[in-house]
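> If you use this note's numbering, the sequence shown closes out at 174, no skipped numbers anywhere. Glycine included, each C-beta is placed from N, C-alpha and C at the ideal position. As the structure is a computational prediction, the values presented were derived from the model and not from experiment.
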Amino acid sequence: MNSFKGPRLVLISLAALALASCDQTENSSPVPEAVGDISVSNPRLILAPVAGRPAAGYFEISNHGDSSAIITGVSIEGAENAMLHGYDEADGMIQMAHRSEIEIPAGSSVALEPGGLHIMAMVPSPELAPGETTSITLTFATGDPITLQAKIRAPGDER
16 MNSFKGPRLV LISLAALALA SCDQTENSSP VPEAVGDISV SNPRLILAPV AGRPAAGYFE
76 ISNHGDSSAI ITGVSIEGAE NAMLHGYDEA DGMIQMAHRS EIEIPAGSSV ALEPGGLHIM
136 AMVPSPELAP GETTSITLTF ATGDPITLQA KIRAPGDER
């Protein structure tokens, strides 16, 4: 009677492995990407409503270390160039402005989000398509890079 125990156990193990290896669903939370003391979650690139106009990159970045981390550069696969951006007030008006760096203080997190700090992907390729992914590489003042896989979203999708 116990002769079926071994094959059943193998089948149950194989089924568990198959389920564990399935792609994440649209509603599941992606596993944060991490390098050293830095972790990044929810990287995404939102395409502009007009083709060829800049796309915007957003994510949450956490610094688990004992000293500040400073992003000094960014590149996006499929964009001619990329820039760090934020908003400033000048002459009583709020306007988007280039940032030479973004600091992530020790033990804290910074959100790159609509209406705040973000990344601009200048001259995005027409090959960047909703539902696909692209690589965003952040370079830090130390020279160390971290590359994220960002989900590409259509203009009307959730930012």
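Can the beta-carbon of Ile91 be found closer than 9 angstroms to that of Phe155?
On the sequence shown, residue 91 is found 76 positions in, with the first residue counted as 1. On the sequence shown, residue 155 is found 140 positions in, with the first residue counted as 1. No, Cβ-Cβ distance for Ile91 and Phe155 is not below 9 angstroms.
> Would you give the residue range spanned by the beta strand (DSSP E) that Ile67 belongs to?
Numbered from 1 along the sequence shown, position 52 holds the residue referred to as residue 67. The question names Ile, but residue 67 in the sequence shown is Gly. No beta strand (DSSP E) holds Gly67; DSSP gives it neither H nor E.
> Out of curiosity, what's the CA-to-CA distance linking Ser124 and Ser140?
Counting from one through the sequence shown, the residue named residue 124 turns up at place 109. Counting from one through the sequence shown, the residue named residue 140 turns up at place 125. Each residue's alpha carbon lies about 31 angstroms from the other.
> Kindly identify the DSSP beta-bridge partner or partners of His79.
Counting from one through the sequence shown, the residue named residue 79 turns up at place 64. BP columns for His79 are empty, so no partner.
> Going by the beta-carbon positions, is the gap between Ile161 and Val50 smaller than 9 angstroms?
Start at 1 with the first residue of the sequence shown, and residue 161 comes out as number 146. Start at 1 with the first residue of the sequence shown, and residue 50 comes out as number 35. Against a cut-off of 9 angstroms, the Cβ pair of Val50 and Ile161 comes out as a contact.
> Helix, strand or coil: which one does DSSP assign to Arg174?
Position 159 of the sequence shown, counting from 1, holds the residue named residue 174. Residue state, collapsed to three classes: coil.
> Nearest CA to the CA of Asn96: which residue from Met111, Gly67, Asn78, Pro58?
Numbered from its first residue, the sequence shown carries residue 96 at position 81. Answer by Cα proximity: Gly67.
> Which residue's Cα is closest to the Cα of Ser115: Ile85, Met137, Ala121, Asp106?
By one-based count along the sequence shown, residue 115 stands at place 100. When only C-alpha atoms are compared, the closest one is Ile85.
> Please work out which residues of its chain come closer than 7 angstroms, Cβ to Cβ, to Thr149, disregarding the five sequence neighbours upstream and downstream, and give them in chain order.
Start at 1 with the first residue of the sequence shown, and residue 149 comes out as number 134. Correct list, in chain order: Leu60, Ile91, Glu92, Gly93, Leu143, Ala165, Ile167.
> Between the beta-carbon of Ser56 and the beta-carbon of Ser77, is there less than 9 angstroms?
Taking the sequence shown and counting its residues from 1, the one referred to as residue 56 is at position 41. Taking the sequence shown and counting its residues from 1, the one referred to as residue 77 is at position 62. Cβ atoms of Ser56 and Ser77: closer than 9 angstroms.
> Alpha carbon to alpha carbon, how far is Ala169 from Gly146?
Counted from its first residue, the sequence shown places residue 169 at position 154. Counted from its first residue, the sequence shown places residue 146 at position 131. Those two C-alpha atoms are separated by around 8 angstroms.
> Could you work out which residue in Thr157, Thr152, Gly130 is closest to Met98 when comparing CA atoms only?
As a working note, residue 98 is residue 83 in the sequence shown. If we check each option's Cα against that of Met98, Thr152 comes out closest.
> Checking the sheet assignment: what are the DSSP bridge partners for Asp103?
Within the sequence shown, numbered from 1, the residue matching residue 103 stands at position 88. Gln110, per the DSSP bridge assignment.
> Kindly indicate the opening and closing residues of the beta strand (DSSP E) around Thr149.
Taking the first residue of the sequence shown as position 1, residue 149 is located at position 134. Run containing Thr149: 148 to 155, per the beta strand (DSSP E) assignment.
> Go ahead and label Val138 buried or exposed: buried means 16 or more other beta carbons lie within 10 angstroms of its beta carbon, across all protein chains shown.
Here residue 138 corresponds to residue number 123 of the sequence shown, with the count starting at 1. By the neighbour-count rule (16 or more Cβ atoms within 10 Å), Val138 is not buried but exposed.
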